[in-house]
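K.L.:
When we follow our numbering, the leftmost residue of the sequence shown carries the number 49, and every step to the right adds one.
A virtual CB, placed ideally from N, CA and C, is assigned to each residue, including glycine.
Just passing along the structure, written as structure tokens.
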Amino acid sequence: MGALPVIDAPNWYETIRMGDGVTLIHEPWIKPFFRCNIWHVRGRDRDLLFDTGLGHFSLRRHVPLVTERRIICVASHTHFDHIGCHHEFPDRCVHRAEAEILADPRNEWT
């Protein structure tokens with residue numbers, strides 16, 4: 049049996065430009081069932097980041113490869129695979145019913 053690959057931070061995320069200001073960012077090293085799609089949408093004045101993945105490596109460090117603009121970070125919901133890097137962004141949004149979980153994520157909640 050071969051050794052497992054060692055994946056470093058610069059190679060953790062894969063970025064796919066979909067067109068019209070929409071970019072898919074995902075974590076290709078995670079099995080599809082356990083990962084989410086992270087979407088970057090370019091806006092007029094600022095950009096939207098929809099979900100932030102598992103958080104194994106800094107997404108904020110990767111995002112400058114996509115945009116240099118201010119980002120609003122939105123969580124579709126607060127499962128662990130969708131909010132892993134939300135804490136890296138000062139402007140975060142989630143449905144009111146899950147705001148407490150996003151503010152203080154705990155294993156039993158996510």
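Looking at T126: is its Cβ nearer than 7 angstroms to the Cβ of E146?
P.N.:
Yes, Cβ-Cβ distance for T126 and E146 is below 7 angstroms.
K.L.:
Am I right that T71 and I64 are in contact with their C-beta atoms under 8 angstroms? What's the rounded C-beta distance?
P.N.:
About 7 angstroms; that satisfies the 8 angstroms criterion.
K.L.:
Whose C-beta lies closer than 6 angstroms to the C-beta of G103 among residues of the same chain, with five residues either side of it excluded?
P.N.:
Here the set comprises G132 and C133.
K.L.:
Are R94 and R109 close, meaning C-beta to C-beta below 7 angstroms?
P.N.:
No; because the gap between Cβ atoms is not below 7 angstroms, this pair is not in contact.
K.L.:
Using CA coordinates, which residue listed in I120, R90 and N85 is at the minimum distance from G101?
P.N.:
Nearest option by C-alpha distance: N85.
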